[in-house]
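A.B. asks: Sequence lines, in order, name chains A and B. First residue of the first sequence? That's 26 in my numbering, and the numbers climb one at a time after it. First residue of the second sequence? That's 26 in my numbering, and the numbers climb one at a time after it. A virtual CB, placed ideally from N, CA and C, is assigned to each residue, including glycine. Have a look at this one.
Number of protein chains: 2
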Amino acid sequence: MSYSAPVDDIVTALKTVADLDVRLANGLYPGLDADTVRAVLDEAGNFAADVLAPLNWSGDRVGARWQDGNVSTPPGFADAYRQFSAAGWSALPCSEEFGGQGLPEIISSSVGEIWNAANLAFGLCPLLTQGAIHAIEAGGSDALKQTYLPKMVSGQWTGTMNLTEPHAGSDLSGLKTRAEKQADGTYRITGTKIFITCGEHDMAENIIHLVLARLPDAPAGTRGISLFLVPKFLLTADGTPGARNDVVCAGIEHKLGIMASPTCIMKFGEQGGATGYLVGEENRGLANMFVMMNSARLAVGIQGVAIADRATQRAIAFAKERTQGRSSTSSGAGMAPIVEHPDIRRTLLTMKALTQASRMICLATAAALDNATYAADPEEAKAARNLAALLTPVAKSFATDVAVDVASLGIQVHGGMGFVEETGAAQHLRDARILPIYEGTNGIQAIDLVTRKLPLEGGNVVTDYLSGIGDCVTKLHASDNAGLGRTAKNLKDALDALSAATRFIGKSLASDPDAGLAGATPYLNAFARVAGARYLAEAALRDGASSSDIALARFFAENCLTAAVGLSDSAMNGSATVLASEGLLA
Amino acid sequence: MSYSAPVDDIVTALKTVADLDVRLANGLYPGLDADTVRAVLDEAGNFAADVLAPLNWSGDRVGARWQDGNVSTPPGFADAYRQFSAAGWSALPCSEEFGGQGLPEIISSSVGEIWNAANLAFGLCPLLTQGAIHAIEAGGSDALKQTYLPKMVSGQWTGTMNLTEPHAGSDLSGLKTRAEKQADGTYRITGTKIFITCGEHDMAENIIHLVLARLPDAPAGTRGISLFLVPKFLLTADGTPGARNDVVCAGIEHKLGIMASPTCIMKFGEQGGATGYLVGEENRGLANMFVMMNSARLAVGIQGVAIADRATQRAIAFAKERTQGRSSTSSGAGMAPIVEHPDIRRTLLTMKALTQASRMICLATAAALDNATYAADPEEAKAARNLAALLTPVAKSFATDVAVDVASLGIQVHGGMGFVEETGAAQHLRDARILPIYEGTNGIQAIDLVTRKLPLEGGNVVTDYLSGIGDCVTKLHASDNAGLGRTAKNLKDALDALSAATRFIGKSLASDPDAGLAGATPYLNAFARVAGARYLAEAALRDGASSSDIALARFFAENCLTAAVGLSDSAMNGSATVLASEGLLA
Numbered sequence: 026m027s028y029s030a031p032v033d034d035i036v037t038a039l040k041t042v043a044d045l046d047v048r049l050a051n052g053l054y055p056g057l058d059a060d061t062v063r064a065v066l067d068e069a070g071n072f073a074a075d076v077l078a079p080l081n082w083s084g085d086r087v088g089a090r091w092q093d094g095n096v097s098t099p100p101g102f103a104d105a106y107r108q109f110s111a112a113g114w115s116a117l118p119c120s121e122e123f124g125g126q127g128l129p130e131i132i133s134s135s136v137g138e139i140w141n142a143a144n145l146a147f148g149l150c151p152l153l154t155q156g157a158i159h160a161i162e163a164g165g166s167d168a169l170k171q172t173y174l175p176k177m178v179s180g181q182w183t184g185t186m187n188l189t190e191p192h193a194g195s196d197l198s199g200l201k202t203r204a205e206k207q208a209d210g211t212y213r214i215t216g217t218k219i220f221i222t223c224g225e226h227d228m229a230e231n232i233i234h235l236v237l238a239r240l241p242d243a244p245a246g247t248r249g250i251s252l253f254l255v256p257k258f259l260l261t262a263d264g265t266p267g268a269r270n271d272v273v274c275a276g277i278e279h280k281l282g283i284m285a286s287p288t289c290i291m292k293f294g295e296q297g298g299a300t301g302y303l304v305g306e307e308n309r310g311l312a313n314m315f316v317m318m319n320s321a322r323l324a325v326g327i328q329g330v331a332i333a334d335r336a337t338q339r340a341i342a343f344a345k346e347r348t349q350g351r352s353s354t355s356s357g358a359g360m361a362p363i364v365e366h367p368d369i370r371r372t373l374l375t376m377k378a379l380t381q382a383s384r385m386i387c388l389a390t391a392a393a394l395d396n397a398t399y400a401a402d403p404e405e406a407k408a409a410r411n412l413a414a415l416l417t418p419v420a421k422s423f424a425t426d427v428a429v430d431v432a433s434l435g436i437q438v439h440g441g442m443g444f445v446e447e448t449g450a451a452q453h454l455r456d457a458r459i460l461p462i463y464e465g466t467n468g469i470q471a472i473d474l475v476t477r478k479l480p481l482e483g484g485n486v487v488t489d490y491l492s493g494i495g496d497c498v499t500k501l502h503a504s505d506n507a508g509l510g511r512t513a514k515n516l517k518d519a520l521d522a523l524s525a526a527t528r529f530i531g532k533s534l535a536s537d538p539d540a541g542l543a544g545a546t547p548y549l550n551a552f553a554r555v556a557g558a559r560y561l562a563e564a565a566l567r568d569g570a571s572s573s574d575i576a577l578a579r580f581f582a583e584n585c586l587t588a589a590v591g592l593s594d595s596a597m598n599g600s601a602t603v604l605a606s607e608g609l610l611a
Numbered sequence: 026m027s028y029s030a031p032v033d034d035i036v037t038a039l040k041t042v043a044d045l046d047v048r049l050a051n052g053l054y055p056g057l058d059a060d061t062v063r064a065v066l067d068e069a070g071n072f073a074a075d076v077l078a079p080l081n082w083s084g085d086r087v088g089a090r091w092q093d094g095n096v097s098t099p100p101g102f103a104d105a106y107r108q109f110s111a112a113g114w115s116a117l118p119c120s121e122e123f124g125g126q127g128l129p130e131i132i133s134s135s136v137g138e139i140w141n142a143a144n145l146a147f148g149l150c151p152l153l154t155q156g157a158i159h160a161i162e163a164g165g166s167d168a169l170k171q172t173y174l175p176k177m178v179s180g181q182w183t184g185t186m187n188l189t190e191p192h193a194g195s196d197l198s199g200l201k202t203r204a205e206k207q208a209d210g211t212y213r214i215t216g217t218k219i220f221i222t223c224g225e226h227d228m229a230e231n232i233i234h235l236v237l238a239r240l241p242d243a244p245a246g247t248r249g250i251s252l253f254l255v256p257k258f259l260l261t262a263d264g265t266p267g268a269r270n271d272v273v274c275a276g277i278e279h280k281l282g283i284m285a286s287p288t289c290i291m292k293f294g295e296q297g298g299a300t301g302y303l304v305g306e307e308n309r310g311l312a313n314m315f316v317m318m319n320s321a322r323l324a325v326g327i328q329g330v331a332i333a334d335r336a337t338q339r340a341i342a343f344a345k346e347r348t349q350g351r352s353s354t355s356s357g358a359g360m361a362p363i364v365e366h367p368d369i370r371r372t373l374l375t376m377k378a379l380t381q382a383s384r385m386i387c388l389a390t391a392a393a394l395d396n397a398t399y400a401a402d403p404e405e406a407k408a409a410r411n412l413a414a415l416l417t418p419v420a421k422s423f424a425t426d427v428a429v430d431v432a433s434l435g436i437q438v439h440g441g442m443g444f445v446e447e448t449g450a451a452q453h454l455r456d457a458r459i460l461p462i463y464e465g466t467n468g469i470q471a472i473d474l475v476t477r478k479l480p481l482e483g484g485n486v487v488t489d490y491l492s493g494i495g496d497c498v499t500k501l502h503a504s505d506n507a508g509l510g511r512t513a514k515n516l517k518d519a520l521d522a523l524s525a526a527t528r529f530i531g532k533s534l535a536s537d538p539d540a541g542l543a544g545a546t547p548y549l550n551a552f553a554r555v556a557g558a559r560y561l562a563e564a565a566l567r568d569g570a571s572s573s574d575i576a577l578a579r580f581f582a583e584n585c586l587t588a589a590v591g592l593s594d595s596a597m598n599g600s601a602t603v604l605a606s607e608g609l610l611a
């Protein structure tokens with residue numbers, strides 16, 4: 026099935042959560058105007074539809090292949106990647122200092138959705154390269170930046186994140202890869218990393234690995250981890266790839282999905298040690314890696330939006346073509362398109378509403394990051410940074426859970442055909458299933474939200490955010506739009522329940538941390554539903570809102586938000602058996 | 026990972042929902058006693074662990090293979106099937122008249138769970154054979170029964186259901202397969218059927234197809250469908266397989282899961298017409314096929330329980346071995362097993378609670394079927410039949426949705442390892458994903474519940490059922506067991522909401538059917554959660570309940586039941602935008 030970028034939905038989201046019209050008019054996004062925003066999205070949509078989407082299915086079937094340390098991506102991928110870089114898409118979000126176009130996060134997130142919807146396995150490589158660029162920008166020396174960033178920004182070279190080891194996944198404190206300083210200031214890196222996306226491939230002339238490792242005298246735990254840049258090919262004097270570094274891909278994983286994206290086992294230093302360059306300070310590597318991780322967490326949330334949108338497009342198209350049974354609205358003697366059956370409509374609208382709510386939460390996070398960058402007032406910038414910090418785990422976690430659920434519903438709409446691989450619906454579920462896992466599992470996101478984000482500024486960050494939702498409730502009550510149905514009532518009820526759960530968790534963190542941790546996942550889920558309902562309602566309340574904006578806000582409030590009260594209840598009152606139930610897990 | 030049949034959980038469920046101890050003591054299950062029940066379950070568990078489970082992973086990897094009309098199952102399957110039949114497992118639930126053991130539904134459902142947990146792809150073939158046996162028993166002539174049933178009961182021959190055609194899936198009214206009566210009383214069958222499970226394979230010496238087809242002069246729609254028995258090999262005079270009938274397997278589907286189970290495209294009459302024998306009366310085939318479908322719907326619900334249980338076992342085992350991070354309860358200097366982390370515990374308990382709730386709903390349905398069979402009092406038998414009718418769509422739908430969700434959570438517990446196929450967790454999700462689709466999609470189950478089952482006996486069947494849950498609430502309130510926490514309150518709140526939704530749907534069916542249909546899916550979900558909470562609570566209130574029974578009931582009530590109020594709300598108030606939102610699905 027062809028892919029059509031949801032440019033209108035994205036623009037509606039940006040107008041709502043990034044106040045796009047006002048900010049563009051005030052020149053707050055340097056160099057951007059409304060026409061340019063739409064032109065970029067339209068062009069990205071064309072490239073995605075013409076070049077990336079046609080490789081999605083074949084890429085899944087063929088998969089990445091490993092042989093003798095080399096990895097070949099499926100036919101067409103290397104050429105698509107060259108076109109992608111040549112067209113300047115790699116450079117879009119990057120700093121102009123290194124050849125980038127310096128477009129804001131809201132734009133890079135929006136086009137990121139488009140790449141990943143067309144072809145998630147393809148989109149992952151630029152996503153990680155982007156994360157690596159962020160980490161080098163944040164922590165690298167000027168020399169490292171000047172040497173590596175221009176080629177990474179242009180897309181000539183790609184980047185990787187080497188964190189995980191067999192016994193160090195979510196918890197990096199146990200990692201064993203070693204780094205020893207050499208007389209010339211470089212480091213010898215030895216160790217094994219697993220789950221390294223695009224650790225080896227045939228799409229670019231060099232691969233720049235960012236590797237977490239431990240110095241011989243490093244403190245134990247996460248305070249003894251340093252970050253190194255380890256290129257696949259060492260550079261010659263003129264900065265071009267020369268001798269092969271001592272790093273090899275020992276194999277790739279056989280996975281459930283994203284088949285075209287090689288997930289590599291990387292061996293560093295089998296021949297004595299790979300040459301690495303320190304990024305930032307010794308033993309401070311985790312802080313730099315977190316720069317990369319936070320950027321990547323939002324990007325993974327966007328991948329969730331992408332898959333959800335693609336699965337929804339496919340299901341709607343199928344439901345309009347497939348005929349079965351009669352419906353109360355069907356005309357003619359034959360069977361009705363299944364889109365006319367109320368239960369199928371509910372399913373499709375659920376998919377659509379969850380997708381747009383996720384998109385809005387992710388783009389609100391991106392907008393907060395932009396505000397942190399562009400705000401002239403330091404207080405405003407700080408508030409924006411805190412808002413982005415609060416929303417990042419929600420964006421990553423909710424959007425990726427939604428991706429799995431929506432992809433699964435998409436299969437369901439197809440009936441038996443959904444279970445047959447040729448239809449393409451099943452691939453979306455297989456691809457989506459990694460999203461709640463990588464870049465910090467969704468459980469870890471929930472723990473991050475509860476233990477690190479709720480306490481920000483003594484709890485004021487979350488309190489302010491909830492108070493903003495209260496303002497939305499007030500506006501809904503004041504609105505006389507009957508088309509909004511029970512939106513005001515349901516958002517008020519859900520907000521009250523979420524606020525109570527927020528207070529409960531705030532208290533329990535001091536007295537009984539495990540009770541707060543036990544409720545973290547339902548709490549995050551309730552938070553996201555309230556946040557999504559708020560943004561959809563704000564879109565419906567805008568001047569110029571369409572009848573579809575209003576119907577979508579109402580659908581979400583009446584059908585997706587209704588879970589939030591029960592989730593908040595479970596977050597507050599559900600933990601006793603979580604913590605004391607030995608026999609059940611015996 | 027090895028499989029261990031959850032015999033204690035099954036027995037607890039049977040004691041609760043089938044009143045097993047009392048009925049056995051009163052001789053209401055002819056020929057059964059408590060020791061026999063446990064011996065059968067233990068033996069089934071041993072066979073499943075020793076013979077079926079070891080083929081689950083290899084069967085998935087190799088898959089069924091088609092060549093020139095023949096289908097080979099993966100290595101070991103044919104031999105396992107021979108052992109299965111030789112040990113008498115095929116015959117267990119069948120009528121003694123044809124060589125079966127005549128054990129009640131509660132036992133055949135329980136052992137059905139065990140086969141499917143060990144190996145879903147294997148379990149499907151006996152499941153469908155069982156359905157075919159039911160249909161022949163219900164509608165076949167004595168001659169057909171005597172000729173075919175003994176060999177099917179013994180497992181020498183397997184059975185299939187041939188319903189679906191490319192343009193007739195959920196809606197069978199459009200099916201085109203033709204049957205023409207011959208002078209000798211047989212029929213010539215011509216047409217194409219798709220999605221035929223085990224339509225061709227190498228595990229048995231004959232395959233007995235039950236085929237829906239249309240006579241030349243048949244009325245249009247579903248009142249013009251007849252049912253035929255079409256053997257793969259026609260029988261010789263002595264009843265053994267002889268000449269090949271005119272039916273071939275033209276290919277098998279490439280699917281997301283149940284790889285070892287061939288899903289066949291069957292061509293009847295490519296050489297002039299397959300010989301078929303009428304089952305029941307002409308044009309009354311759908312009624313007979315529904316006998317088969319209803320039996321199969323409960324069996325598919327049981328498959329859901331099976332996958333959920335297997336995924337839960339695997340995740341708990343992994344969570345005890347995998348160490349990451351520290352926990353508040355961990356001792357020693359190293360990392361803690363992740364089972365100690367509250368968020369992981371919540372996930373595992375959610376899996377466990379949803380699984381046992383599903384099991385209880387399915388076994389309550391089986392118990393009702395048994396009561397309908399064994400009750401001496403015709404009124405009691407009728408009430409039991411109605412209860413089984415009410416619960417069947419709930420059992421099928423909820424247990425299979427749970428299977429998908431629990432399998433997905435199982436992957437999540439494994440982290441990155443869950444996305445790697447070798448771990449085995451991903452296979453459960455791929456296998457589970459067919460369950461909400463086949464034997465009537467879960468949407469169709471919800472429509473069946475709302476439009477056919479709620480109106481039974483003028484609504485008295487559902488009212489009586491809800492009133493039974495009210496009795497459970499009363500008992501919970503009367504109980505002084507503090508270990509039950511908020512179980513009484515939450516069940517009361519959920520029951521009140523469900524009752525209101527039930528009244529709403531009852532009214533809307535008369536005045537505005539689409540509003541009832543639009544809420545069918547959340548209504549069914551709420552119904553199932555209330556029913557599951559009730560059975561778990563009754564298990565916890567039993568004499569001899571364990572602390573685990575009590576903790577599980579509480580966990581479910583405080584964490585899984587809390588969704589029911591919101592779901593009931595959406596079922597009542599969420600349909601406006603479902604029915605009027607043209608722009609959104611444009």
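With distance defined between alpha-carbon atoms, name the residue in A:138, A:94, A:87, A:111 nearest to residue 35 of chain A.
C.D. replies: A:138
A.B. asks: In this structure, how does DSSP classify residue 55 of chain B when only helix, strand and coil are distinguished?
C.D. replies: Residue state, collapsed to three classes: coil.
A.B. asks: Distance check for residue 287 of chain B and residue 293 of chain B, CA to CA, integer angstroms please.
C.D. replies: The alpha-carbon atoms of residue 293 of chain B and residue 287 of chain B are separated by roughly 17 Å.
A.B. asks: Counting only the same chain and skipping the five closest in sequence on each side, list residues whose C-beta sits under 6 Å from that of residue 268 of chain B.
C.D. replies: 259
A.B. asks: Suppose contacts are defined by Cβ-Cβ distances below 8 Å. Is residue 441 of chain B in contact with residue 490 of chain A by that definition?
C.D. replies: no
A.B. asks: Taking residue 240 of chain B as the query, report the chain A residues whose CB atoms sit under 8 Å from its CB, ordered along the chain.
C.D. replies: Result: empty, since nearest Cβ-Cβ is about 21 Å, beyond 8 Å.
A.B. asks: Using a Cβ-Cβ cutoff of less than 7 Å, which residues in the same chain neighbour residue 354 of chain A once the five nearest sequence positions on both sides are dropped?
C.D. replies: Annotation for residue 354 of chain A: 365 place their beta carbon closer than 7 Å to its own, counting only its chain and skipping 5 residues before and after.
A.B. asks: From this set, A:611, A:274, A:452, A:119, which residue's C-alpha is nearest residue 340 of chain B's C-alpha?
C.D. replies: Here the closest residue by C-alpha is A:611.
A.B. asks: Starting from residue 172 of chain B, trace the beta strand (DSSP E) in both directions and tell me its first and last residue.
C.D. replies: Careful: residue 172 of chain B lies outside any beta strand (DSSP E), inside the alpha helix (DSSP H) at 167–179.
A.B. asks: In whole angstroms, what is the alpha-carbon distance linking residue 281 of chain B and residue 425 of chain A?
C.D. replies: Spanning the two alpha carbons is a distance of roughly 21 Å.
A.B. asks: What are the partner residues of residue 289 of chain A, as DSSP defines its beta bridges?
C.D. replies: A:221, A:277
A.B. asks: Report back the beta-carbon spacing between residue 580 of chain B and residue 557 of chain B to the nearest angstrom; my notes put them in contact at under 8 Å.
C.D. replies: Incorrect: roughly 12 Å between the Cβ atoms, too far for contact.
A.B. asks: Taking the alpha carbon of residue 322 of chain A as the point to measure from, which residue in A:312, A:600, A:465, A:486 has its own alpha carbon closest?
C.D. replies: Ranked by Cα distance from residue 322 of chain A, the first of A:312, A:600, A:465, A:486 is A:465.
A.B. asks: In chain order, what residues of the same chain lie with their CB nearer than 8 Å to the CB of residue 32 of chain B, ignoring the 5 residues before and after it?
C.D. replies: If we look at residue 32 of chain B and ignore the five residues flanking it on each side, its Cβ neighbours are 63, 66, 67, 70.
A.B. asks: If you drop the 5 nearest sequence neighbours on each side, which residues of the same chain put their C-beta closer than 6 Å to that of residue 553 of chain B?
C.D. replies: 419, 423
A.B. asks: I'd like the span of the beta strand (DSSP E) that includes residue 254 of chain B, first residue to last.
C.D. replies: Counting along the chain, the beta strand (DSSP E) containing residue 254 of chain B begins and ends at 251–256.
A.B. asks: I want to know whether the stretch 300–315 of chain A touches the stretch 330–345 of chain A - three or more CB-CB distances under 8 Å.
C.D. replies: no
A.B. asks: Nearest chain B C-beta to residue 577 of chain A closer than 8 Å, yes or no?
C.D. replies: yes
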